[in-house]
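Engineer: Please see the structure below; I have some questions.
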Amino acid sequence: MATKKTKNVRLPATVSPIHYKIHIAPDLDGFVFSGEEQITIDVKKKTKEIVLHSAEIEITSATLIVGKKTFKPKISYQEADETATFKFSEEIPADKSTLDLKFTGILNDKMRGFYRSKYNIDGKDYHMGVTQFESTDARRAFPCFDEPAQKATFEVSLRVPSDRTVISNTIETDIAEHDGGYKTVSFAKSPKMSSYLLAYIVGHFEYIKSKTKSGILVRVFVTPGKKKQAEFALMCAVKCIEFYENYFKIPYPLPTMDLIAIPDFAAGAMENWGAVTYRETAVLVDPENSSVQNKQWVALVIAHELAHQWFGNLVTMEWWTHLWLNEGFASFMEYVAINEIYPEWKVWSQFVYIEESRGLALDGLANTHPIEVEVHDPAEISEIFDGVSYSKGASIIRMLAEYLGANKFRDGLRYYLKKHEYSNAATTDLWSALSKISGKPVAKIMNNWTASAGYPLITADQDANGINLSQERFFSSSKHPKDASIWLTPLSILSKGDKKSQFVLLDKKQMKTDIKNKSWFKVNSEETSFARVRYGVENLTKLIEAIPRGDHGLSESDKFGIIRDAFALAEAGLFPTDEAIRLSNAYKKEKSFIVWVQISENILRLKSMFFGLPFYEDFRRFGRELFSDIVKEVGWSKKKGESYETALLRSNVLYAAGALGDTEVINHAKELFKKDVDGESKIEPDIRSVVYNLTAQNGGPAEYKRFLKLYSDVTLEEEKDRIMRALCSFTDIKMLTEMMERSFSVDARGQDAIKAINFIWVNPYGRELAWSTLQEKWPYIVKRFGGGHLFSRFIMPASNFMTDTKADEVEKFFKENPSEGIGRTVLQTVEQIRSNASWIARDSSKVSSFLKSSI
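Just add 2 to the spot in the sequence shown (first one is 1) and you have the working numbering.
If you want it as structure tokens, here you go:
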């Protein structure tokens, strides 16, 4: 009988694992598996029961062996708590013992636990078996102590068809051939680690390999025919391991590091120790067809997952409350590594857009959560794998690193990792280590950044005596609760003519500095602090005048921060939207990618909000004029000797101009697409998304049919993603309906459904279709994706709605159709819709008047 779910499902502390010996026999045709395991356990005090995690598993046999004595328990299942209880007729002594289990399970299609993924070789479909155990899905593959602090060693073997490859965390030690075309592959014992880091994968694979300077064997596994696409990942992985070994001064502890490309995968990648699994688009790079943007993303994902081998695997969070210790640090370290390996990419300048802005946007909602949030139930855990844990986490770490200095920060990390290696730690352990090495009060400064939700809005003005600073919590909506939070914020302030910034620690509601300035000043220089800034009229005017002049000292990150915060303040009702739009004109001579990507994001978001309003075409006309100079500057083709950033800039501004109705850009895109389809010339990878999307947005049935054929013909997943996005960008509702049906069909990959919902909801012509589909398919979505990392992502796109009526509809639907693990996401989505509606109602007339006066 299933029992009611309790508030806290952590296992009793009376028993803990020491070692698992696991044998798995998957049936890749019948989609089931059988298993045997012997768990060496430490019974810390006498007990009559042992509780393990177990979900969707049938335990067929259980025996406990203590010395020469055996015990046969009765087994009961607590389905709601995902546990199995073994009850004994007499007390088990406090001693080391072995729990011997046999069990069966399902090779599911949910991309969690031990699941199946489909692939094709020479026209024939096959299925591989893949594991995805983070956060609480090891229990779906074998009964276990499925908590981060319950570390143990693992020995794994699998019985599989003789023509399949098996990969696990460690190197294989034995292959035993059997009659009937089967073999058993055994692997070396793993380091002491948490259950969610265990991995085993079986399928048709081929690989390429290399070695690091320290002798680590690095391999990239792909389905047959894709080895060429693995070369960049191999090179990048080798360089990352070498960098981290030097940076942390702790050798990578395994003899192998495998990267495995998986066709069906819920997340971008998973840091299983020694056997990192990736969605194909996150690890494969085609030399002829991949864009520089995707190549950079692959490098950052690889660097992120390999950082986890130390920060997360070697030292693991004690409980999911401290998830950010894993994800925030890996999200920070990926930039440290890639900046060192590929300095020409200037990834730190992109950090403020990719990470910091993402974190600021989510954490500006009233329905956000602290970085450290108490979690109890498995369904709650999936909701904190979000921009707060990852991007805000990375951003406050960057802020702290700047405050401590690079060397002190690095040495503090080394001390922390060495002290807690092969064990678990909490946030306070990290602060203690950094304080010890730096001599600074890290815990005092950082406590509110991790324990409280939100971040400060810093108001800055000046008088004859200096610059005045004050702080309050920033909310992205004009309607929000009162909050008196105060943050200790390390702040750098740059004035015109200064060779370097001046530093202050804002530690109270208001502060007066003695920094005097005769011209402009920029608070939060280089955007190193996790905050937004609002200026007085006088200084903002001077800053705006300085932008087109290109004043020495005002960096691209500084200029980025000014325009980003202006639009955020406009949404919050703290700055006129027409003035934020006018401010964009000050950037027309800019050539920085991050500045233009922020401007295009702002303008295209407003375009989406104003869709259907009387001044919509006036706004599009303004946007075309805003982008006209930079479009002419970058053109359509690469120039000899151009920078890496120019390729990123080109695709961004060309798409923005076309989306705003630039007919010259649209026609050229359609011409390039036609020539590509006709075989006359090939579209450069860096502008392929631009060409596809603009062609679809301005195309009809003929273009739709061409895209469908392209989609069926290509094998590169990166290219399939580009084409699918284009197919979801048409304006004809019949075409969009067909795409939605295709994406939810039995032949589609599980990850296609979420892509279709996202892409079509962003399309203003498809919003109602996306919403009606979500409601119709909700029982299927809950059944297949409930509890997994993709679940909440079906709801987030509803934030593209713009009216209170739609907010009411969304709120009502999920109230009538509740499901665990989406509560906060629903609140955030409804809040964002209402914020959109409030913004439009408040500022539409002013924007309309501004546009009329600017024509």
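Yeah, the Cβ is synthetic: ideal placement off N, Cα and C, and Gly gets one too.
If I measure Cβ to Cβ from residue 694 and keep anything under 6 Å in the same chain, skipping five residues before and after, which residues do I get?
Structural biologist: Excluding residues within five positions, the ones whose Cβ falls inside 6 Å are 724 and 728.
Engineer: Suppose the cutoff is 7 Å on Cβ atoms and the five residues either side in sequence are ignored; what does the same chain contact list for residue 8 look like?
Structural biologist: For residue 8, the predicted structure reports a pLDDT of 44, less than 50, and the residue's modelled location is therefore unreliable. A value from the coordinates is still provided. 83, listed in sequence order.
Engineer: By the 10 Å Cβ neighbour count, where 16 or more other Cβ atoms means buried, how is residue 95 classified, buried or exposed?
Structural biologist: When all chains shown are included, residue 95 counts as exposed.
Engineer: Which value, in whole angstroms, describes the spacing of the CA atoms of residue 804 and residue 823?
Structural biologist: Cα-Cα distance, rounded: 25 Å.
Engineer: Expressed to the nearest angstrom, what Euclidean distance is found between the alpha-carbon atoms of residue 829 and residue 364?
Structural biologist: Near 12 Å, if we compare the C-alpha coordinates of residue 364 and residue 829.
Engineer: Could you spell out where the beta strand (DSSP E) holding residue 35 opens and where it closes?
Structural biologist: Start and end: 34-45.
Engineer: Relative to the alpha-carbon of residue 790, which residue among 92, 151 and 112 has its alpha-carbon at the smallest distance?
Structural biologist: With distances taken between Cα atoms, residue 790 lies closest to 112.
Engineer: Who are residue 277's beta bridge partners in DSSP?
Structural biologist: DSSP output for residue 277 lists 260 as bridge partner(s).
Engineer: Just mark residue 505 as buried or exposed, buried being the case when its beta carbon has 16 or more other beta carbons within 10 Å.
Structural biologist: So residue 505 counts as exposed.
Engineer: Rounded to whole angstroms, how far is the Cβ of residue 776 from the Cβ of residue 796, which I believe are closer than 8 Å?
Structural biologist: Yes, residue 776 and residue 796 are in contact; Cβ-Cβ is about 6 Å, under 8 Å.
Engineer: Measure the C-alpha to C-alpha separation of residue 391 and residue 704 and round it to an integer number of angstroms.
Structural biologist: Rounded to whole angstroms, residue 391 to residue 704 spans 45 Å at the Cα level.
Engineer: DSSP three-state call for residue 730: helix, strand or coil?
Structural biologist: Three-state result, residue 730: coil.
Engineer: Would you call the segment 504-524 in contact with the segment 423-433, where contact means no fewer than 3 C-beta pairs closer than 8 Å?
Structural biologist: They do not touch, by the three-pair rule.
Engineer: Please give the ranges of any beta strand (DSSP E) in the segment 519-586, keeping only runs that are unbroken, at least 3 residues long and fully inside the region.
Structural biologist: Taking only runs of at least 3 residues, the beta strand (DSSP E) segments lying wholly in the segment 519-586 are 523-525 and 534-537.
Engineer: Which same chain residues, not among the five before or five after residue 649, have their C-beta less than 6 Å away from its C-beta?
Structural biologist: These residues qualify, in order along the chain: 294 and 688.
Engineer: Which one of 618, 852, 567 and 726 has the shortest CA to CA distance from residue 355?
Structural biologist: Looking at the Cα atoms, 567 is the closest of the given residues.
Engineer: Are three or more beta carbon pairs between the segment 304-311 and the segment 407-423 nearer than 8 Å?
Structural biologist: Because the criterion of three Cβ pairs below 8 Å is not met, the segment 304-311 and the segment 407-423 do not touch.
Engineer: So, with DSSP's three-state summary, where would you put residue 724?
Structural biologist: Of the three classes helix, strand and coil, the one that applies to residue 724 here is helix, per DSSP.
Engineer: With a 10 Å radius around its C-beta and 16 neighbouring C-beta atoms as the bar for buried, classify residue 800 as buried or exposed.
Structural biologist: The residue in question, residue 800, is buried, as its Cβ has 16 or more Cβ neighbours within 10 Å.
Engineer: Less than 6 Å separating the Cβ of residue 86 from some heavy atom of the ligand HEM?
Structural biologist: No copy of the ligand HEM appears in this structure; indeed no ligand is present at all.
Engineer: Give the single residue among 469, 470 and 457 whose Cα lies nearest to the Cα of residue 485.
Structural biologist: Among 469, 470 and 457, the Cα nearest to that of residue 485 belongs to 457.
Engineer: Measure the Cβ-Cβ separation of residue 672 and residue 697 and say whether it is below 7 Å.
Structural biologist: For residue 672 and residue 697, yes; Cβs fall inside 7 Å.
Engineer: Please list, in chain order, all residues of the same chain as residue 157 whose beta carbon is under 6 Å from its beta carbon, the five residues on each side excluded.
Structural biologist: If we look at residue 157 and ignore the five residues flanking it on each side, its Cβ neighbours are 23 and 191.
Engineer: Per DSSP, what kind of secondary structure is residue 92 in: helix, strand or coil?
Structural biologist: Residue state, collapsed to three classes: strand.
Engineer: In terms of alpha-carbon separation, which member of 690, 674 and 691 lies closest to residue 683?
Structural biologist: The shortest Cα separation from residue 683 among 690, 674 and 691 belongs to 674.
Engineer: Following the continuous beta strand (DSSP E) through residue 130, name the residue where it begins and the one where it ends.
Structural biologist: From DSSP, the beta strand (DSSP E) with residue 130 extends over 126-134.
Engineer: With burial defined as no fewer than 16 other Cβ atoms inside 10 Å of the residue's Cβ, what is the status of residue 636: buried or exposed?
Structural biologist: Residue 636 is buried by the Cβ-count criterion.
Engineer: Nearest-angstrom Cα distance between residue 20 and residue 461?
Structural biologist: Each residue's alpha carbon lies about 55 Å from the other.
Engineer: Which first and last residues belong to the alpha helix (DSSP H) in which residue 83 is found?
Structural biologist: That residue, residue 83, is in no alpha helix (DSSP H); it is neither H nor E in DSSP.
Engineer: Let's see if you can read the secondary structure: which residues bound the beta strand (DSSP E) around residue 27?
Structural biologist: First-last of the beta strand (DSSP E) with residue 27: 17-29.
Engineer: Let me know the secondary structure DSSP gives residue 635 once reduced to three states.
Structural biologist: Reduced to three states, the DSSP call for residue 635 is helix.
Engineer: Spatial neighbours of residue 167 within its chain, please: C-beta separation below 6 Å, excluding the five flanking residues on both sides.
Structural biologist: These residues qualify, in order along the chain: 207.
Engineer: Below 7 Å CB to CB, which residues in the same chain sit around residue 136 once its five sequence neighbours on both sides are set aside?
Structural biologist: Excluding residues within five positions, the ones whose Cβ falls inside 7 Å are 198 and 272.
Engineer: By the DSSP assignment, the alpha helix (DSSP H) with residue 687 in it spans what residues?
Structural biologist: First-last of the alpha helix (DSSP H) with residue 687: 687-699.
Engineer: Who pairs with residue 160 in a beta bridge, going by DSSP?
Structural biologist: In DSSP, residue 160 forms a bridge with 26 and 187.
Engineer: Could you round the C-beta distance between residue 629 and residue 600 to whole angstroms and report it? I think they count as a contact, below 8 Å.
Structural biologist: Not quite, the Cβ-Cβ distance comes to about 13 Å (not below 8 Å), so this is no contact.
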